[in-house]
Amino acid sequence: MFHPVDTGEDGSTVEDHIIFRTATDSSPQECTGFPTGRFRIRAAGPPHYYWTLRWYTAVEGNLLGLWGGFNEYSNDFHYKSQIFFVNSAGHLCNDGGLELDISGSSIILTGERQRTEPWPNPWSHPLPTFLYAADSRTIAVKLYSDPVVSDEWPRPEREWKDKEFAVAAASVAPTQGLKFEEIERWAPVNALSTRKWSDHYVGFGPCNYCNVGVEEKAGDLSRMEWELEPVDSNYVIL
5 MFHPVDTGED
15 GSTVEDHIIF
25 RTATDSSPQE
35 CTGFPTGRFR
45 IRAAGPPHYY
55 WTLRWYTAVE
65 GNLLGLWGGF
75 NEYSNDFHYK
85 SQIFFVNSAG
95 HLCNDGGLEL
105 DISGSSIILT
115 GERQRTEPWP
125 NPWSHPLPTF
135 LYAADSRTIA
145 VKLYSDPVVS
155 DEWPRPEREW
165 KDKEFAVAAA
175 SVAPTQGLKF
185 EEIERWAPVN
195 ALSTRKWSDH
205 YVGFGPCNYC
215 NVGVEEKAGD
225 LSRMEWELEP
235 VDSNYVIL
């Protein structure tokens, strides 16, 4: 059974956050290469943008996909579903304030979580680092724990730790939102009652134009090219 870690006074205690930092722990790098303020992330080819499914920006486990841009029928929910920023902790977030995490090949939304032991685990773990390179227009992803949730978690580190990953459009792997039940065994008691969790688990099949996922950096790199569009408080591109 997994238990929350109690707060102590020696500097080695848990923050109420998915990232756990102490003076002796090595901390993940901050997400870099992204502009300050808010921005949209657009595929370098077709005019498709990062988008949270059903425009739900404040529910954990929700999936990111690709969708068309704004139009005369767009409202505040549509705008917010395509806006991102890097928060003060250096994590890539959506406009609802939730941070981005990786589940399998899928990019999902996640909130602050209390650490449980043994750590890391699929419930509480260091968030991945997203690194944007303007010269290649790629978004590299550095993982700090096994992203594949299964009864055999974790897999051997050779399956994920030292591989070079990047975000790809029309991903060759299927993607899907994360169900709370998949990580419940690692979560604190009553965790579900204290947070909003997605009930929409529809995903996208391989190579679907709406599908955005994390792949090893190889093959058709044009699918891994992205443009960043800074926006102002009225969602107007700067």
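Quick note, in our numbering, the sequence shown goes up one by one and the last residue is 242. Think of the CB as a built atom: it goes at the ideal place given N, C-alpha and C, for glycine as much as any other residue.
Under the criterion of beta carbons closer than 8 Å, residue 89 and residue 43 qualify as touching, at roughly 7 Å. With contacts defined as CB atoms closer than 8 Å, residue 174 and residue 213 qualify as a contacting pair. Pairing residue 223 with residue 170, the inter-Cα distance amounts to about 12 Å. The alpha helix (DSSP H) runs lying completely inside the segment 134-204 and spanning 4 residues or more are 184-187, given in chain order. In the structure shown, residue 213 adopts coil according to DSSP, grouped into three states. Excluding five sequence positions before and after residue 126, the CB atoms of its chain that fall closer than 7 Å to its own CB belong to 153, 157, 187 and 190, given in chain order.
Residue 202 and residue 49 have their alpha carbons spaced roughly 30 Å apart. A straight-line Cα-Cα distance of about 46 Å links residue 155 and residue 242. Judged by beta-carbon spacing, residue 143 lies beyond the 8 Å limit of residue 71, meaning their Cβ atoms are not closer than that value. Residue 239 sits in coil when the DSSP states are folded into three classes, being neither helix nor strand. The three-state reading of DSSP puts residue 82 in helix, counting H, G and I together. Between residue 197 and residue 184, the alpha-carbon positions lie close to 11 Å from each other.
Between residue 113 and residue 66, the C-beta spacing is below 8 Å. A straight-line Cα-Cα distance of about 19 Å links residue 105 and residue 39. Distance from the Cα of residue 240 is smallest, within the candidate group 102, 86, 160 and 69, for 86.
When beta bridges are read from the DSSP output, residue 234 appears opposite 43. Linking residue 210 to residue 179 through their CA atoms gives a straight-line distance of about 8 Å.
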